[in-house]
Amino acid sequence: FGGGYTGTVENLHYREAPVADLCLDFTLLGYPDYTLKPGDEIVYLNNLEDYISMVVDATAKTGITRQLEAFRAGFNQVFDVSSLQIFTPHELDYLLCGRRELWKTETLADHIKFDHGYTAKSPAIVNLLEIMGGFTPEQQRAFCQFVTGAPKLPLGGLAVLNPKLTIVRKLSSTAVNTSYNGIVHSESANDDLPSVKACAPLEPNNSLDQSL
């Protein structure tokens, strides 16, 4: 039940509701066809421990055996998966998932490309890099998910992205636009939000507060 439960085992509540009021049965929550235990037994305090053990087994042990075997078979097509035994779990996590801190503030400008109206000295870019430099690891992952579609970067971080993460000037969708020599210039973009395609268009906000 994570951090949502309160009280002793004898008076266990989840978000102020007694266990019996949750109307749980011995199926995997969200998958009514996945039977944990035959019969129509309802979860009460006297069988709660059995229910939790079976849910853990279904979600993290025997219930994912086929997926783990497929994962192992896929690895074995590239190299002998037993060779991974030389690594610790921490080392494997680093190799497969990269650093938990996705970038260093001082190297951001070196590994991002600025194009289509922006340079590293553009006020909007300076603000963006300052904001990115202050991100927590959780915020870094959220930003990475928004921009790349994945919550983590490959081993080597921003430096190894190919093509590079590119920030371009976004034309306002609400401001009056005028055209000079075939190039559309936005008069104002402070009401717009960034969007993502193959690159990340950024509106030229005039202050740090507007960027935030």
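Residues in the sequence shown are numbered consecutively from 3, following my numbering. The beta-carbon is built from N, C-alpha and C at its ideal position, and this holds for glycine as well.
Is it true that the CB of residue j sits closer than 8 Å to the CB of residue i?
| i | j | result |
| --- | --- | --- |
| residue 171 | residue 139 | no |
| residue 104 | residue 142 | yes |
| residue 120 | residue 88 | no |
| residue 109 | residue 135 | no |
| residue 161 | residue 113 | yes |
| residue 127 | residue 116 | yes |
| residue 24 | residue 33 | no |
Whose CA, out of the options, lies closest to the CA of residue i?
| i | options | result |
| --- | --- | --- |
| residue 132 | 152, 120, 119, 111 | 111 |
| residue 37 | 108, 164, 60, 211 | 60 |
| residue 27 | 15, 14, 52, 18 | 52 |
| residue 125 | 210, 31, 67 | 210 |
| residue 50 | 67, 14, 69 | 14 |
| residue 159 | 144, 67, 122, 99 | 99 |
Does the beta carbon of residue i sit closer than 8 Å to a beta carbon anywhere in chain C?
| i | result |
| --- | --- |
| residue 196 | Within the model displayed, chain C is absent; a lone protein chain is all it includes. |
Near residue i, what residues of its chain come up, given a Cβ to Cβ distance below 7 Å and the 5 sequence neighbours on each side ignored?
| i | result |
| --- | --- |
| residue 146 | 104, 152, 153, 154, 155 |
| residue 182 | At residue 182 the pLDDT is 33, less than 50, meaning the model places this residue with poor confidence; the figure from the coordinates comes in the next sentence. Answer for residue 182: no residue qualifies. |
| residue 118 | 170, 171 |
| residue 77 | 83 |
| residue 64 | none |
What does the Cβ neighbour count give for residue i, buried or exposed, with the cut at 16 atoms within 10 Å?
| i | result |
| --- | --- |
| residue 148 | exposed |
| residue 130 | buried |
| residue 58 | exposed |
| residue 165 | exposed |
My guess is that residue i and residue j are in contact by the Cβ rule of under 8 Å, so how many angstroms apart are they, rounded?
| i | j | result |
| --- | --- | --- |
| residue 47 | residue 21 | 6 Å |
| residue 97 | residue 157 | 6 Å |
Go through its chain and collect everything with a Cβ distance to residue i's Cβ below 6 Å, but skip five positions before and after it.
| i | result |
| --- | --- |
| residue 43 | 28 |
| residue 39 | 28 |
| residue 84 | none |
| residue 41 | none |
| residue 122 | 111, 116 |
| residue 67 | none |
Excluding sequence positions up to five away, which residues of its chain have a Cβ less than 8 Å from the Cβ of residue i?
| i | result |
| --- | --- |
| residue 204 | 120, 126, 127, 130, 169, 170, 171, 172, 196 |
| residue 31 | 57 |
| residue 74 | 83 |
| residue 4 | Below a pLDDT of 50, predicted positions are generally treated as unreliable, and residue 4, at 47, falls in that range; the measurement from the model is reported next regardless. Excluding residues within five positions, none has a Cβ falling inside 8 Å. |
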